[in-house]
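If you read the protein sequences in the order shown, they are chains A and B. The first sequence begins at 1 in the working numbering and counts up by one. The second sequence begins at 1001 in the working numbering and counts up by one.
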Amino acid sequence: MALKSFGFVLFITLFLIVYFLAGRVVPQKWIILAFSLYVVLRATGPVSLAVLIIVCVMVWTGGRIIARDRKSDPGRAGLWYLIGLVFCIGTLLYFKFLTPVYDGLAAIIANRGGVSLPEIAAPIGLSYYALSLAAYLTDIRHGKHEAEESLPDLFAYAMYFPALFQGPINLYKDLMPQLKENHSFDQTNLIYGLQRLLWGYVKKAVIADRIGILVTGMLGDENVRGAALFFAMVLYSFQIYADFSGGIDVIMGVSETMGITLKENFRAPLISHSVTEYWQRWHMTLGTIMEKYLYYPIVLSKRMRRVSKKIKSKYLSRVFAATVATFIVFVLVGIWHGTGWNYVVYGLYQAFFTSTAILLGPVYKRIKEILHIHDKNPVWSLFTILRTFVVLTFGRYLIRVASLSRAGALYARTFSFAGAPKLSVDMLTQWLNARNLILMLCGILVMIAVDILHDRGVQIRTTILSMPLPVRYAIYYAAIFLIIICGIYGKGYDAASFIYEQF
Amino acid sequence: MKDEIKAILEEICPDVDFEAEEALIDDGVIGSFDVIQILSELMEAYDIVIDADEIEPENLNNLDAITALVEKKIEERE
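See below:
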């Protein structure tokens, strides 16, 4: 069941009916848990569900022991912390790196003995599941909150199904209290939730997937080189943002309808003025976890303090600590996104730009003073946004393809200008006709405009809600119409396939 | 003490109005490297140790919270 499918919409509708009706007699967390179990079983099967249950039982047990022995028996608490982490992070690492080993063994055993081992698919949402439970254990260890007494409650939290599809990562202290209480039906929540869900689907089905057709077409055509190829990668930047943030909007919308508020995952990342700022605005829930549980602990660790004290300059010694931590964090963020050297290099690329910004910070500042450039100057501001966008777009070459060598080939194609066919509307209409190109362009512009308004504190949702009824409904119908008629639903399908996809 | 700390913070982030800002961390007014610089400076100035798990918005969101954190750490030291 994909987020962008009629099946999902039907599933959510059914869920919400049960959630609010049966929720009057049964705690809503059990209803959420039941639907979460179904999502995992349906998406990745019973073995994957068993894996999630085992991890949760270990973390639950570990959490209780750590909370009890934290002060009285730190050694035991530390051991259980380690055991818990091995189960969370170990499982994640296994499914990211070691499945080929298992498949190889299974093949050998099948050949020799004729016994076939079961196929184990990576559980849906494992990355989010594992990180949130690892954070849960760490917080107990630091005495931030108590351990969860109820195993099913912890399971309902970690497996919260809306976030299994593509995040966000929810910390225990943010989500669990909301799951423990029952939420009665609220019309405003429903309207806001549906607004956000519709906007998410517009971003995903209408904007991202339309761009996707063009990008795939252009990258697949060896004749597309030079500026045209870079243009395709610029479009890819918009695609990946529309797709990811659109999916998150759908999830936030569903949660909001339920009366549950999740932490925001994006804050207009496309209008960042620097790579550092971009990472404070992009996939923020992952960023928070990385910063809180890796970056700060590394920088402030005793060992790091000892090493960096040897550097005479105060500023440089801090830069040194921050740089080491930045590189570790970004390489891990890279690997978190996918396995392969291209993801490692992607992490190094991001770390390079964020750490040089810190290292050369005083130099940049001095240059700006000499040239009388003020950060709030609109021309300078626009320049820094574009510069950041270009740097990030070049970085995305690394994650658009499956391997480092392919990324290298893509870079080479970008810089082979000689004889490259000129970028023109005629070239683009090979893959998307003029009508679709205009729709795509409008979509991108609207998306950027919405982000700029949100960034300036304008609440578009309340503005829409305060409009006269006919206008409001015109907007909602337009969105639904756009999603159904202009959404992209698989190759060779007409619009109707959205409706019939699951039948 | 509050004024002393304010002076330290202003030295590191001259563009930030520490009297007015209430959500330095939550609103992203100061980034992670600013946090590192501020903590390192405070640790040196007051001979205290601030651990990574104390970097929480509620401890660093405004001047009062930061002052309270430093005072708590000085007390713990003594």
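From the three backbone atoms N, C-alpha and C, an ideal C-beta is built for every residue, glycine too. No experiment lies behind these values; they were computed from the predicted model shown.
Within the stretch 1020-1036 of chain B, those residues whose Cβ lies closer than 7 Å to any Cβ of chain A are, in chain order, 1028, 1031, 1032, 1033, 1036. With three or more CB-CB distances shorter than 8 Å, the stretch 200-212 of chain A counts as touching the stretch 473-488 of chain A. With a cut-off of 8 Å on Cβ pairs, the stretch 107-127 of chain A is in contact with the stretch 35-47 of chain A, counting three or more such pairs. Contact between residue 59 of chain A and residue 164 of chain A does not hold, since the beta-carbon distance rounds to 17 Å and is not under 8 Å. Taking a Cβ-Cβ threshold of 8 Å, the residues of chain B close to residue 358 of chain A are 1033, in chain order. Collapsing the DSSP output to three states places residue 356 of chain A in a helix. Taking a 10 Å sphere around the C-beta of residue 284 of chain A, we find 16 or more other C-beta atoms and assign the residue as buried. Residue-level contact by beta carbon fails for residue 1069 of chain B and chain A, as no gap is shorter than 8 Å. Rounded to the nearest angstrom, the gap between the Cα atoms of residue 463 of chain A and residue 479 of chain A is 16 Å.
Contacts between residue 280 of chain A and chain B, judged by CB atoms closer than 7 Å, involve 1028, 1031 in chain order. The straight-line gap separating the alpha-carbon atoms of residue 66 of chain A and residue 1018 of chain B is approximately 38 Å. At a cut-off of 8 Å between beta carbons, residue 276 of chain A contacts chain B. Annotated three-state conformation of residue 372 of chain A is coil, per DSSP.
Residue 222 of chain A sits in coil when the DSSP states are folded into three classes, being neither helix nor strand.
Every alpha helix (DSSP H) of 4 residues or more that sits fully in the stretch 157-202 of chain A is shown, in chain order, as 172-180, 187-201. Residues 267, 268, 271 of the same chain have their beta carbon placed closer than 8 Å to that of residue 455 of chain A, with the five preceding and five following residues left out of the count. Note on the stretch 1022-1073 of chain B: whole alpha helix (DSSP H) runs with a minimum of 4 residues are 1032-1046, 1057-1060, in chain order.
Contact of residue 1052 of chain B with chain A by beta-carbon distance below 7 Å involves 296, 297, 300. Here DSSP, grouped into helix, strand and coil, assigns residue 456 of chain A to coil. Unbroken alpha helix (DSSP H) runs of no fewer than 4 residues, entirely contained in the stretch 241-301 of chain A, are found at 275-281, 284-290, 296-299, following chain order.
Contact between residue 347 of chain A and residue 335 of chain A holds: CB atoms are separated by about 7 Å, below the 8 Å threshold. For residue 342 of chain A, the secondary structure class from DSSP, reduced to helix, strand or coil, is helix.
A contact between stretches requires three or more CB pairs, one per stretch, nearer than 8 Å, and the stretch 246-257 of chain A meets this requirement with the stretch 188-197 of chain A. A contact between stretches requires three or more CB pairs, one per stretch, nearer than 8 Å, and the stretch 142-160 of chain A meets this requirement with the stretch 49-64 of chain A. Listed along chain B, the residues sitting closer than 7 Å to residue 142 of chain A by beta-carbon distance are 1053.
For residue 366 of chain A, there are no neighbours in chain B by C-beta distance under 8 Å, as the nearest C-beta there is about 13 Å away. Chain-order list of chain B residues neighbouring residue 318 of chain A: 1036, 1037, 1040, by C-beta distance under 7 Å. At a cut-off of 8 Å between C-beta atoms, residue 147 of chain A does not count as an interface residue with respect to chain B. Contact between the stretch 155-164 of chain A and the stretch 75-85 of chain A is absent: fewer than three C-beta pairs spanning the two stretches fall below 8 Å. Between residue 215 of chain A and residue 241 of chain A, the CB-CB gap reaches or exceeds 8 Å. Put simply, the stretch 420-433 of chain A touches the stretch 214-234 of chain A. At least three CB pairs are less than 8 Å apart. Nearest CB-CB separation between residue 222 of chain A and chain B: not below the 8 Å threshold.
Chain B has a Cβ within less than 8 Å of the Cβ of residue 322 of chain A. Here the alpha carbons of residue 265 of chain A and residue 388 of chain A stand approximately 20 Å from one another. Between the alpha carbons of residue 1007 of chain B and residue 136 of chain A lies a gap of roughly 37 Å.
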